[in-house]
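> Residue numbers for the sequence shown, in mature numbering (1 follows the signal peptide of the UniProt record, and there is no 0): -22 to -1, 1 to 941.
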Amino acid sequence: MRPPNPLLLLLLLLSAAPGGSAYGFRNCIQSPSDPGLFRCVQRFLESAAGAVDDLPPAATALNLSHNILRRLPPAAFARLPLLRTLDLSHNRLADVAPGAFAGLGALAALDLSHNRLVGIAEGAFAGLANLSSLRLDRNPLASVATGALLPLANLLRLSLRAGRLPALGPVASAVRNLPRLRLLDLCGNNLSALGPGPPLPPSLLALRLCNNSLAELTGGTPGLLPPALRALDLSYNNISDAAPFARLCLRNLSRLRLAGNPLEVLRLLEVSDVRPRSLDFSGLRLEPDKVGEVCRRLAGPRLRLLRLRRNGIGTLPAGALAACPPIGTLDLSGNRLRRLGCIGGLLGPAQQRELAGLVAEHNLLRRLPSCQDAPTLRRLHNVSLRFNRILVVGPRAFADAPRLRLLRLDVNGLARLDREALRGLRELRELRLDNNLLTDLYPGSFADLGRLRTLNLRNNRVAVLFPGAFAGLARLQTLDLGGNNLRHLAAAALQGLGGLRRLYLDRNRLQEVSAEAFRPVQASLGVLDLRANALRYISQRPRQRPPFRHLRRLYDLKLQAQQPYGLRIIPHRFFQGLTSLRSLFLAQNWLLAVPADAFDDLAQLQYLTLADSSGGMGDLPAGVFKNLSRLRSLDLENAGLRSLGPEVFGNLSRLERLRLAKNELRTLDRSLDGRLPALRYLDLRKCPLSCACGNAWLPGWLDRSAVQVVYLYNYSCGGGGGGGPPAYLHSFDTRVCFLDVGLYLFAGTAPAVLLLLALPLLYHRAYWRLRYHFYLLRAWANGRWRREERRYAYDSFVSYNSADEGWVLGELVPELERGSLRLCLHHRDFSPGRAIIDNIVDSIYNSRKTICVVSRSYLRSEWCSLEIQLASYRLFDELRDVLVLVFLEAIPDAELSAYHRMRRVLLKRTYLRWPPEPQARRLFWAKLKRALRSGYAEGEEEEEEEEEEEEEEEGCGEDDPLP
Ligand SMILES: *[C@@H]1O[C@H](CO)[C@@H](O)[C@H](O)[C@H]1NC(C)=O
Ligand SMILES: *[C@@H]1O[C@H](CO)[C@@H](O)[C@H](O)[C@H]1NC(C)=O
Ligand SMILES: *[C@@H]1O[C@H](CO)[C@@H](O)[C@H](O)[C@H]1NC(C)=O
Ligand SMILES: *[C@@H]1O[C@H](CO)[C@@H](O)[C@H](O)[C@H]1NC(C)=O
């Protein structure tokens, strides 16, 4: 079966993904690395439809595991015709309706394990013509309908492990017509007999019947096992009688497992046609005295593998295996061996030449003796002595195996490694010493291991690395020191490791790291794991220099989860020098502060995680990512962020995946739009995003960009309270936001427009009035300011029009100045260089009274009109009568009414008229002088006089304008 053309698939997917619009699925996440894969795990889904309904039809893999599906209705996945992998494991499926998988003609792998299926009904798998792998493990499966598997014409592997199938027969009936079936796994059922039933399909290569209740093989019809069968697993049953094996055809088996049966192995070899070499001798209660007998039965050419596991062997005397044929790998695991001696002692000379591997795991070995003088095993490459109790490795313990490449001594009790223990292992490539009790590594221990590539010292108790401990390991590439007690890394600790590429120092107690310590490995180190140490910084300016600054080849740096409270602070330029770094892990560090220059040197960084570092950071500083132009994945999940300003996403032009889940973000900044052009995957789960106007740009952006927003349609408006139907972020009503803006714009511009419209009109109609009111305002302001002044420079300011200058200078001034009144005249007393208006205001306010000489020309003059208004203003302001009106000519009411400013003053004022007849002029001057002098002392008499005057004037001015 050829997989569909990947290019075609990609095209399909691209065309199916809603182009140009952000998308998300209610319950599934499209894998950012494989666009065909959809994971819908742990969503508490009760029906498949809840996941499938909104997936694109181009999906090729669907993982629905760890949900609570109960039943599959017909055609449950028909929407996804290109599906090749479907995982429905870990659900509660009890019922698969006929035709449930209709339409999945391309499906290759189906996993239904860990469900509650009791039976498989006819038609359940209809349509799965291309299925090659079907898993039904761990269902309480008691029956499979005879025709249920018939449609699976291409099935290769069928696993029915750990069910409750009571007999092989019905299963054989069900699989009989699967022409390509190769593997049938029925381990862990309740099979009690092999028959009766039809023969298994001839294509079958492996049949597993382990962990059942098979007691005897009776009922096994001669043709039950297909002749092509290669592997038969009958282990952990209850077979005690060897005789029925005689009726089975076992000649062609290459592997027969019978462990865990109370079976007499020698008897089996006598009665059946099984070839001894295909038998797995594990778990057959093979006492040591029978080992020799077995060896004789195995006689012949070299045996690739001899397994003698779990046979309870306590001792093997010298030469115990000498009768065996030459053996490739000898597996003695799971016995009770306390001593093994030098392995050559068990073997004959031919075997000593051939032995390539020795496995003696899970025994009781305590010490490995020196084997300097033992027979040499030229071909021995692999030795595994894991899971023993080895405390002591004697000097030159492996001197008999000079070609050793892999030595596993892990999970023992080694407290001390003899300086000479590994002498002579010049070919060793990998040494596992992890999970022991080593406290010290003596200089020179590894001196001969010039070809070692991997040294694993994980989970020991190494507290100090003495200088020279690793001397001689010039080709070491991987050094694993995780899980030790290192507190300090001395400058010379890594001396001699010039080729080291990967250094694991995680789960130690390092409180600081210095650049000096890494200097010996600076040219080669690519991976440095410092996770879960005790690194902590309390200042952004630590005393030391940047610790990684020599590691210019480092591409992977892990600093997660420093104990007990995390890194807290990342010092300035902490990552300086890491110019090749591609992945940086800073998760789980309770960061308080990240300086803005923290990542400045990491121009090659592609992956950065600060997840689970919510130590109160709140914000990331502006520009913190400014140099990370190659970053592709940024994980800020649960980083305690309250905001993400536009300045944070400096230059992330290649960022594809952004994880922001579990932060305190209420609004997302607009800058996301535009600043992250390559974004494909955005995770905002569990952020209290609100449907406020701050997020109003979101729905529009989601419409435009082609980003997958994880569970996009599930973000309800956080903090949105109130009744009514829940609103969702992807579609909340943003009109109100834009309306408001419109309103503000309208409110802001309308007055301006109106003003512009009105200005020409006003200019035309009321220029002077406006200007004049403006002056009024200034006068008023000035007046307030001068209020305190009570001393006047003049007795009177004379306001007149130049047309009346003759009268003023000829009559008025001589008469009044003779009477020692000080007059202010504009042609004479105005200060040159000042604005006229200021002069006017000053003059009015510096004079006790103002005489207005009214004539027709006066009325026409704007200045005069202004002067009279200013003076009358002073009247209202100071409640003092400052205005004295002198009419030079009689002006009829009609004429006066055109100057209504004037008229308004006249309404409130009395006035004197210049009498044409000379006799009356004496009285005129007297009245005028009195009017000017009034106000020196405000007595009752004067007020009465004034009233008299008023009456008089009103009397004589009947034709005066009084509307
Ligand atoms: C089944 O697999 C074969 C080979 O991979 C392929 O040619 C055929 O189209 C597949 N059938 C369906 C229905 O997809
Ligand atoms: C489906 O997801 C589960 C849980 O993450 C995982 O263990 C399993 O391997 C996945 N199945 C496949 C087919 O990848
Ligand atoms: C297994 O089969 C025996 C009888 O063959 C029966 O008594 C027992 O209950 C079965 N066990 C299970 C778990 O079905
Ligand atoms: C079979 O039983 C043995 C012993 O109880 C156990 O170790 C092994 O894991 C079981 N295998 C299966 C496939 O259940």
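We put the beta carbon where it would ideally sit given N, CA and C, even for glycine.
Since we're looking at a predicted model, the values are computed, not measured.
Can you tell me whether DSSP reads K604 as helix, strand or coil?
It is coil, neither helix nor strand.
> Tell me whether C842 sits in a helix, a strand or coil according to DSSP, three-state version.
Three-state result, C842: helix.
> If you compare alpha carbons, which of E634, L185, A539 is closest to G593?
Nearest of E634, L185, A539 to G593, Cα basis: A539.
> Quick check on the contact list: which residues have their beta carbon closer than 5 angstroms to a heavy atom of ligand 2?
Any residue whose Cβ sits closer than 5 angstroms to a heavy atom of ligand 2 makes the list: V19, N41, S43, D65.
> Does the beta-carbon distance from F3 to D32 come in below 7 angstroms?
The answer is yes: Cβ separation under 7 angstroms.
> Give me the Cα-Cα distance between L535 and T38, rounded to the nearest whole angstrom.
Rounded to whole angstroms, L535 to T38 spans 35 angstroms at the Cα level.
> Checking 7 angstroms against the spacing of the C-beta atoms, do L324 and L294 come in under that value?
Taking 7 angstroms as the Cβ cut-off, L324 and L294 qualify as a contacting pair.
> Is G83 near ligand 1, going by C-beta to nearest heavy atom under 6 angstroms?
It does: the Cβ of G83 is within 6 angstroms (strictly closer) of some heavy atom of ligand 1.
> Would you say the beta carbon of N486 comes nearer than 6 angstroms to a heavy atom of ligand 1?
Checking the Cβ of N486 against ligand 1 gives no.
> Under three-state DSSP, which class holds E919?
Model confidence at E919 stands at a pLDDT of 35, short of 50, so the residue's coordinates are unreliable and nothing is read from them.
> Sort L427, A471, G428 by Cα distance to A447 and report the nearest one.
With distances taken between Cα atoms, A447 lies closest to A471.
> What separation, rounded to the nearest whole angstrom, lies between the Cα atoms of A512 and R383?
Their Cα atoms are separated by approximately 36 angstroms.
> What is the rounded straight-line gap between the Cα of L646 and the Cα of F710?
Their backbone Cα atoms lie some 15 angstroms apart in a straight line.
> In whole angstroms, give me the CA-to-CA distance for L136 and L459.
Taking the straight line from one Cα to the other gives about 43 angstroms.
> Enumerate in chain order the residues of its own chain whose CB-to-CB distance from A184 is below 6 angstroms, with the five nearest sequence positions on each side excluded.
So the list reads L161, A209, once near-sequence residues are dropped.
> Indicate, with yes or no, if ligand 1 has a heavy atom lying under 6 angstroms from the CB of N108.
Yes.
> Nearest by alpha-carbon distance to V752: which of Q847, N41, Y772 is it?
Before going further, note that residue 752 is Phe rather than Val in the sequence given. Nearest of Q847, N41, Y772 to F752, Cα basis: Q847.
> Can you tell me the Cα-Cα spacing of R255 and P353, whole angstroms?
About 27 angstroms.
> What's the gap between the Cα of Y770 and the Cα of L794?
Cα-Cα distance, rounded: 17 angstroms.
> Taking 7 angstroms as the cut-off, decide whether the C-beta atoms of G290 and R317 are in contact.
No, these two residues do not count as a Cβ contact at 7 angstroms.
> Mind listing, in chain order, the continuous beta strand (DSSP E) runs of no fewer than 3 residues lying wholly within the stretch 248 to 294?
You should have 281 to 285.
> Using the rule of at least 16 other Cβ atoms within 10 Å of the residue's Cβ for burial, across every protein chain shown, is V122 buried or exposed?
Burial call: buried.
> Three or more beta-carbon pairs under 8 angstroms between the stretch 79 to 96 and the stretch 112 to 128, yes or no?
Contact holds: three or more Cβ-Cβ distances are below 8 angstroms.
> Within its chain, find whatever has a CB closer than 6 angstroms to the CB of N167; leave out the 5 residues flanking it on each side and keep chain order.
So the qualifying residues of the chain are G141, L143, N190.
> Does the distance from the C-beta atom of S825 to that of S774 stay below 7 angstroms?
In contact: S825 and S774 (Cβ atoms closer than 7 angstroms).
> Could you please give me the residues that DSSP links to G97 through a beta bridge?
Answer by DSSP bridge pairing, in chain order: S121.
> How big is the Cα-Cα spacing for D871 and H805?
About 31 angstroms.
> Return the CA-CA distance between R158 and A53, expressed in angstroms with no decimal places.
One C-alpha to the other measures close to 26 angstroms.
> Using alpha carbons as the reference points, say which of S502, E642, G601 lies closest to R653.
Of the listed residues, the one whose Cα sits closest to R653 is G601.
> Alpha helix (DSSP H) containing A452: first to last residue?
It is not in any alpha helix (DSSP H) - A452 carries neither H nor E in the DSSP assignment.
> Using DSSP bridges, identify the partner residues of N828.
Before going on, a small fix: residue 828 reads as Thr here, not Asn. For T828, which the question treats as bridged, DSSP gives the partners F775, L861.
> Distance check for L890 and L874, CA to CA, integer angstroms please.
In a straight line, the C-alpha of L874 is about 16 angstroms away from that of L890.
> In the DSSP assignment, the alpha helix (DSSP H) including G147 goes from what residue to what residue?
Residues 146 to 153.
> Would you call the stretch 560 to 579 in contact with the stretch 595 to 613, where contact means no fewer than 3 C-beta pairs closer than 8 angstroms?
Contact between the stretch 560 to 579 and the stretch 595 to 613 is present, because at least three Cβ pairs lie under 8 angstroms.
> Using a Cβ-Cβ cut-off of 8 angstroms (strictly less than) and excluding sequence neighbours within five positions of L134, which residues of its own chain qualify?
Closer than 8 angstroms at Cβ, skipping near neighbours: S110, S111, R158, L159, R160, L161.
> So, at 6 angstroms on beta carbons, what are the nonlocal neighbours of R436 in its own chain, with the 5 sequence-adjacent residues on each side left out?
D412, D458, G460, G461.
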